[in-house]
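Novice: Pasting in a structure now, in structure tokens, and then I'll have a few things to ask.
Residue numbers (my numbering): 1 to 496.
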């Protein structure tokens, strides 16, 4: 999808569809809409007077111009009473989906009609491009007969009133964040036999190579040398070899003040010996959503090029039952030296994150965000629209939550009181890998936090937000690309 900025007047456009915003309560054309009404020979005024255009959120009205304009169609979209970033993301996504149904190839957004109120032209451009690209994403799959997924080829941001430099900057940011998110979606949607731990590592390395980032891939022999008992333990039941990818995005001359991202890369999760129920197990192709989010954020950073240092660590494994698999009652030793009693082999993600966090510290991370589809408990607590947060540092978590708010991704901080930490203490080892039935998302997060130790750390549990059972404003079913935008904006916000 090509995205460009245009200063053409509306009557000079040759797009298949022009998207125009209408605020709720508007009874007659005002501002830039007066010009459009003149082009349509009073038809807009009639539509408003008759109540066909309410301007309410989610309302859309496709109007054919029948030669009155070069654009074949005008899509009127309701903006509601107050226009925000999120309003524009959702409007853009709905507009693209409507355009796809009409098989439009070139869609132009009338920026001056959409960006109203307190949203700047640059912010509006960012939100519209992001929403349009996210709303237009579809996973093609692997059917023998190629499915006909119509795609919009070109998006134009048309403005005569906005600051063009700001609009261009907003376009670039929106395009980068959406591209990273859609990459993560593609990875999450890929079947586990086609995206193994090796495949996840290759996807990460591809991004690193594309943008000239330093990288290394640890093999089983390297993990044995480092004593990565968590990652090796999870992988020992599978024929697929484990991998650990470390990528350095160097936006500064010196490797300091390093922001670390650690993403869980379980390519498929059967639960191991503690086997999951049959129903819904196919969705465990998405148990590498944390790894996908980190890879997607690197794609965005490669495009944006902020002056910041980021270290990405992605431990990858497949969790399978076999004669060599971990068993309940086993005790493993992690890279940190901490020992862990295994009570449930389906609580495997925290084991590979333990070694991932320790390795991130070794590689110089001064701040760490781990991101993982970690617990079913977070769905019980927060549902499918909100990511759970656990932390050991007040200042750092505020920074992460501000980035999430800017990204339009809902997060909620969970408590981390000392009694929860008692739940993961073991009688035979330093820790046990499950704290029992209660507060499961909290105790899982605190388990990972035990390996961060004094390093400022935030845990993001995306088990509820990484996969969608039903379509939302700008996300289809399947992989959502959750937290890509949050991670990228967190990093960009730290730029000098």
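The beta-carbon is built from N, C-alpha and C at its ideal position, and this holds for glycine as well.
Would you report the Cα separation of residue 185 and residue 16, rounded to the nearest angstrom?
Specialist: Residue mapping note: residue 185 aligns to position 185 of the chain shown, counting from 1. Residue mapping note: residue 16 aligns to position 16 of the chain shown, counting from 1. Distance between the alpha carbons of residue 185 and residue 16: 28 angstroms.
Novice: Do residue 371 and residue 290 count as a contact pair if the criterion is CB distance below 8 angstroms?
Specialist: Sequence index remark: in the chain shown, residue 290 carries index 290 (1-based). Sequence index remark: in the chain shown, residue 371 carries index 371 (1-based). Cβ distance < 8 angstroms, so residue 290 and residue 371 count as in contact.
Novice: With a cut-off of 8 angstroms, do at least 3 Cβ pairs link the stretch 473-482 to the stretch 298-312?
Specialist: no
Novice: Identify whether residue 113 lies in helix, strand or coil by the three-state DSSP scheme.
Specialist: Here the question's residue 113 lines up with position 113 in the chain shown. Correct three-state label for residue 113: helix.
Novice: Looking at residue 387: is its Cβ nearer than 8 angstroms to the Cβ of residue 482?
Specialist: The residue you call residue 387 lines up with position 387 of the chain shown. The residue you call residue 482 lines up with position 482 of the chain shown. Yes, these two residues count as a Cβ contact at 8 angstroms.
Novice: What three-state label does DSSP hand residue 347 in the structure shown?
Specialist: Here the question's residue 347 lines up with position 347 in the chain shown. Coil at residue 347, not helix or strand.
Novice: Give every residue of the same chain whose Cβ lies closer than 8 angstroms to the Cβ of residue 511, excluding the five residues on either side of it in the sequence, and list them in chain order.
Specialist: Residue 511 is absent from the model: the chain starts at 1 and stops at 496.
Novice: Reducing DSSP to helix, strand and coil, say where residue 126 ends up.
Specialist: Residue numbering aside, residue 126 sits at position 126 when the chain shown is read from its first letter. Helix.
Novice: By the DSSP assignment, the alpha helix (DSSP H) with residue 419 in it spans what residues?
Specialist: On the chain shown, residue 419 is found 419 positions in, with the first residue counted as 1. Where residue 419 is concerned, the enclosing alpha helix (DSSP H) stretches over 418-422.
Novice: From the DSSP output, read off the bridge partner residues of residue 370.
Specialist: Locating residue 370 in the chain shown gives position 370, where the first residue counts as 1. In the DSSP output, where bridge partners are listed per residue, residue 370 has 262, 459.
Novice: Going by DSSP, name the residue or residues bridged to residue 106.
Specialist: Against the chain shown, residue 106 aligns to sequence position 106. According to DSSP, residue 106 bridges with 154.
Novice: Taking 7 angstroms as the cut-off, is the C-beta of residue 252 nearer than that to any heavy atom in the ligand PLP?
Specialist: With respect to the ligand PLP, the structure shown offers nothing to examine, as it has no ligands at all.
Novice: Quick one, which of 201, 123, 317, 295 has its alpha-carbon nearest residue 310's?
Specialist: As a first step, residue 310 is located in the chain shown; it is residue number 310 there, counting from the start. Residue 310 has its Cα closest to that of 295, out of 201, 123, 317, 295.
Novice: Buried or exposed: residue 389, going by 16 or more other Cβ atoms within 10 Å of its Cβ?
Specialist: Sequence index remark: in the chain shown, residue 389 carries index 389 (1-based). Buried is the call here.
Novice: Please tell me whether residue 424 has its Cβ less than 8 angstroms away from any Cβ of chain E.
Specialist: Note that chain E does not occur in the displayed structure, where there is just one protein chain.
Novice: Exposed or buried, which one is residue 437 when buried takes at least 16 other CB atoms within 10 Å?
Specialist: Working through the chain shown from its first residue, we reach residue 437 at position 437. By the neighbour-count rule (16 or more Cβ atoms within 10 Å), residue 437 is not buried but exposed.
Novice: Can you give me the start and stop residues for the beta strand (DSSP E) that residue 2 sits inside?
Specialist: Here the question's residue 2 lines up with position 2 in the chain shown. Taken as a continuous stretch (DSSP letters only), the beta strand (DSSP E) holding residue 2 covers 2-6.
Novice: Does DSSP put residue 339 in a helix, a strand or coil?
Specialist: The residue given as residue 339 occupies position 339 in the chain shown. Three-state result, residue 339: strand.
Novice: Can you say whether residue 105 is buried or exposed, counting buried as having 16 or more other CB atoms within 10 angstroms of its CB?
Specialist: Counting from one through the chain shown, the residue named residue 105 turns up at place 105. Looking at its Cβ environment, which holds fewer than 16 other Cβ atoms inside 10 Å, residue 105 is exposed.
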